[in-house]
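Sequential numbering of the sequence shown, starting at 1, is according to UniProt numbering. See structure below.
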Amino acid sequence: LRSLPFPSTRLITRHDDLKIAFEVTEMPPRFINPICDMETPEGTTIMFECSLMGIPSPIVSWFKGDKKIPHNNKKYSHTSDGDNHFLKIYKVTPQDSGAYTCRAINIVGETLCRASLGVRAYNFINVLIRPKHYLTPLFVISVLNVILYIFV
Numbered sequence: 001l002r003s004l005p006f007p008s009t010r011l012i013t014r015h016d017d018l019k020i021a022f023e024v025t026e027m028p029p030r031f032i033n034p035i036c037d038m039e040t041p042e043g044t045t046i047m048f049e050c051s052l053m054g055i056p057s058p059i060v061s062w063f064k065g066d067k068k069i070p071h072n073n074k075k076y077s078h079t080s081d082g083d084n085h086f087l088k089i090y091k092v093t094p095q096d097s098g099a100y101t102c103r104a105i106n107i108v109g110e111t112l113c114r115a116s117l118g119v120r121a122y123n124f125i126n127v128l129i130r131p132k133h134y135l136t137p138l139f140v141i142s143v144l145n146v147i148l149y150i151f152v
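Put into structure tokens, the structure is as follows:
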């Protein structure tokens with residue numbers, strides 16, 4: 001018994017003289033490439049990306065924690081290109097850290113994949129404390145130029 005490789009919407013099975021052809025009309029969603037954990041510095045734009053399959057084509061929704069992310073606004077944008085789905089988060093802050101979920105659903109089933117985002121806060125203290133060159137303060141220089149006269 002031999003089959004064509006999955007996934008195919010038309011499968012043919014052969015066994016000696018017997019030939020059976022059938023077409024897959026329904027298949028629950030399944031992630032081919034799930035989203036991955038990320039860590040990024042504050043202020044960057046990141047993109048979660050996944051690819052999935054299902055028949056009929058699944059409807060994809062994105063969540064942060066248990067809250068559904070709205071379609072396109074100033075903070076988030078989610079788009080699709082065929083079986084590939086993307087969630088962009090603009091100018092991330094530490095408040096954007098957390099668990100993100102992509103949910104795919106069709107009439108046959110539902111599947112989820114999760115990933116976490118870690119955002120490293122920009123540390124202003126390091127910039128202020130570590131100058132590249134140490135300069136002598138101006139008041140020390142003027143004190144060194146003073147001539148003291150002592151009378152006995």
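We put the beta carbon where it would ideally sit given N, CA and C, even for glycine. Everything numeric in this text was worked out from a predicted model, so none of it was measured.
Buried or exposed (CB count within 10 angstroms, at least 16 for buried), residue i
i, result
"P58", "buried"
"S8", "Because the pLDDT at S8 is just 49, under 50, the model does not fix this residue reliably, and the value given afterwards should be weighed accordingly. S8 is exposed by the Cβ-count criterion."
"C36", "exposed"
"residue 153", "The first residue shown for the chain is 1 and the last is 152, placing residue 153 beyond what the model contains."
"P29", "buried"
"I20", "exposed"
"residue 159", "Past the boundaries of the shown model lies residue 159; the chain is included only from 1 to 152, so the question cannot be answered."
"L18", "exposed"
"G82", "exposed"
"G54", "buried"
Any non-hydrogen atom of the ligand MN closer than 6 Å to residue i Cβ
i, result
"L52", "The ligand MN is absent from the structure shown, which contains no ligands of any kind."
Within 7 Å, strictly: CB atoms of residue i and residue j
i, j, result
"P41", "R103", "no"
"E26", "V108", "yes"
"I32", "I89", "no"
"P34", "N106", "no"
Using 8 Å as the threshold, is the region 40-58 in touch with the region 113-124, meaning 3 or more CB pairs across them? yes
Suppose only complete runs of 3+ residues qualify. What are the beta strand (DSSP E) ranges in the UniProt domain "Ig-like" (29-120), listed by chain order? 38-41, 46-55, 59-64, 76-81, 84-89, 98-105 and 110-120
Taking one C-beta from the region 58-68 and one from the region 77-95 each time, how about it: are there three or more such pairs within less than 8 Å? yes
Would you say the region 86-102 touches the region 63-73, given that touching needs at least three Cβ pairs under 8 Å? yes
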